[in-house]
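Some notes on the structure that comes next.
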Amino acid sequence: MKIIENRKKFFILSLLIICIGFGAMFVNARAGKGALNWDVEFTGGTSMEIDLGGEYDGAELESIISEATGQSSPQIQQIMGTNGVAIKLQSIDSPTRVALVEAVQAVYPDAELKEANDISGTVSGEMQQAAMKATLIAGVAMLIYISIRFHDFRAGGSAIVALIHDVLVALAAYALFRIPVNNTFIAVLLTILGYSVNSTIVIFDRIRENKDNFRPNQMAERINKSISQTLARSINTSLTTLFTVGAIYVLGVPSIKEFALPMMVGIIAGAYSSICISGSIWYTFLPKAEKGSNK
73 MKIIENRKKF FILSLLIICI GFGAMFVNAR AGKGALNWDV EFTGGTSMEI DLGGEYDGAE
133 LESIISEATG QSSPQIQQIM GTNGVAIKLQ SIDSPTRVAL VEAVQAVYPD AELKEANDIS
193 GTVSGEMQQA AMKATLIAGV AMLIYISIRF HDFRAGGSAI VALIHDVLVA LAAYALFRIP
253 VNNTFIAVLL TILGYSVNST IVIFDRIREN KDNFRPNQMA ERINKSISQT LARSINTSLT
313 TLFTVGAIYV LGVPSIKEFA LPMMVGIIAG AYSSICISGS IWYTFLPKAE KGSNK
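This is the structure:
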């Protein structure tokens, strides 16, 4: 495989996808919908749980909620194994809450309000800080570990750049598909990071093992050979995981799909970055004398 020779093409493709994601965020923000579809856990708001007492029409329920609250995009999630739904909105006062329940009961007479909570901006701010801290701590720990494992800070830096790539691609999916950014967002990001770095380490291990088979100035050939030797493993691992998560997405309820969809995007992005990006970045960081004849 000529990964190193085609690294610029891979870089351009990645930048294009990331730019599309940022473009979607910009368009969403200009449209007044917010760059990302932030859930109340991150922005503050009102969360309600209503048992509808039987089957319901999702589009009809959304229309009822929008009309009663004046909010155009309420988040509605079915509670697994029940006829209940969890409704998340921007903050509404008590009269609006009562009006909402009455509007739902007018169409679904057996509907019953089970729970209603207000999530303050302070709590949501803490959630945002926790998300950033968790991602930052994970990234720093991986940088240190990989740098020590391979005795090369450039290897650690390359892996981290590839992980940043995966996070930005996942964010692009959140922006394009308007996936709610809720408490599963942190789990999705950390799972993607862990999965991606594992594939990258397998490739980097093979690059290290092949050290004695190539001259010091044959780093390009060494990386290409190592990626080729681990390619089947990388693809098979990604596909088996992708099939599993895909089944969860197809068969799961909306709340599960909000986790599965970005996970599928992250698995694909992680496999791509491990094979095409991480080794290419490591090669780019090398001194000219080690790169050999491949430019």
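Residue numbers (this note's numbering): 73 to 367.
By construction, the Cβ of each residue, glycine as well, lies at the ideal position given by its N, Cα and C atoms.
The structure displayed is predicted, hence computed values, not measured ones.
Selection from the options that minimises the alpha carbon distance to residue i
| i | options | result |
| --- | --- | --- |
| Gly153 | Ala343, Leu124, Pro167, Ala206 | Leu124 |
| Ile164 | Ala202, Met73, Thr118, Pro252 | Thr118 |
| Gly228 | Ala242, Val241, Ala210 | Ala210 |
| Leu261 | Lys283, Glu127, His237 | His237 |
| Leu161 | Ile92, Gln177, Trp110 | Trp110 |
| Leu185 | Glu121, Pro326, Leu208 | Glu121 |
| Val212 | Gly266, Asn189, Asn255, Val322 | Gly266 |
| Ser86 | Val239, Asn270, Lys329, Ile299 | Val239 |
| Ala178 | Ile136, Asn100, Lys297 | Ile136 |
| Gly106 | Arg250, Thr302, Ile328, Arg280 | Arg250 |
| Phe98 | Ala247, Gly342, Thr309 | Ala247 |
| Leu235 | Ile299, Lys363, Ala343, Tyr355 | Ala343 |
| Val253 | Asp277, Pro334, Ile264 | Pro334 |
| Ile92 | Ala171, Glu293, Val241, Ser345 | Val241 |
| Ile75 | Leu323, Tyr180, Thr356 | Thr356 |
| Leu311 | Phe286, Ile340, Ala103, Val269 | Ile340 |
| Met204 | Asp182, Val325, Ile258, Arg221 | Ile258 |
| Ile275 | Ala188, Lys363, Gln301, Arg79 | Gln301 |
| Glu198 | Ala131, Val325, Glu113, Gln147 | Glu113 |
| Phe315 | Arg294, Pro326, Val337 | Val337 |
| Pro214 | Ser268, Val157, Gln201 | Position check: residue 214 holds Met in this sequence, whereas Pro was assumed. Residue Ser268 is the option with its Cα nearest to Met214. |
| Val233 | Ile353, Asp277, Tyr180, Phe94 | Ile353 |
| Pro370 | Pro326, Arg221, Glu77, Gln290 | Outside the modelled stretch of the chain, which goes from 73 to 367, sits residue 370, for which no answer is possible. |
| Ser145 | Ile279, Gly156, Ala131 | Ala131 |
| Asn394 | Ser306, Ser138, Leu323, Gly324 | Outside the shown range of the chain (73 to 367) lies residue 394, about which nothing can therefore be said. |
Helix, strand or coil at residue i according to DSSP, with G and I counted as helix
| i | result |
| --- | --- |
| Gly342 | helix |
| Ile236 | helix |
| Ile75 | coil |
| Lys160 | strand |
| Gly211 | helix |
| Met204 | helix |
| Glu184 | strand |
| Asp284 | helix |
| Gln147 | strand |
| Met97 | helix |
| Val260 | helix |
| Val317 | helix |
| Ile251 | coil |
| Asp165 | coil |
| Asp129 | coil |
Anticipated Cβ contact below 8 Å, residue i with residue j, distance rounded
| i | j | result |
| --- | --- | --- |
| Thr141 | Thr168 | 6 Å |
| Ile347 | Ala244 | Their Cβ separation, rounded to whole angstroms, is 19 Å, which puts Ile347 and Ala244 out of contact at 8 Å. |
| Tyr321 | Ala304 | With 8 Å as the limit, Tyr321 and Ala304 do not qualify as a contact, their Cβ atoms being about 25 Å apart. |
| Thr272 | Ala231 | 5 Å |
| Asp182 | Gly126 | 6 Å |
| Phe82 | Ile264 | The pair is not a contact, with the Cβ atoms about 19 Å apart (cut-off 8 Å). |
| Gln149 | Val157 | 7 Å |
| Gly363 | Ala319 | The sequence shown places Lys at residue 363, not Gly. Contact doesn't hold; Cβ gap of about 43 Å is too wide. |
| Tyr180 | Tyr128 | 6 Å |
Outcome for residue i when other beta-carbon atoms lying within 10 angstroms are tallied against a minimum of 16
| i | result |
| --- | --- |
| Ser166 | exposed |
| Ile84 | exposed |
| Ile299 | buried |
| Val170 | exposed |
| Asn296 | buried |
| Arg287 | exposed |
| Gly351 | buried |
| Glu330 | buried |
| Ile279 | buried |
| Ala101 | exposed |
| Val176 | buried |
Residues that DSSP places opposite residue i in a beta bridge
| i | result |
| --- | --- |
| Gly117 | Ile191 |
| Trp354 | DSSP output for Trp354 lists no bridge partner at all. |
| Ile122 | Val157, Leu185 |
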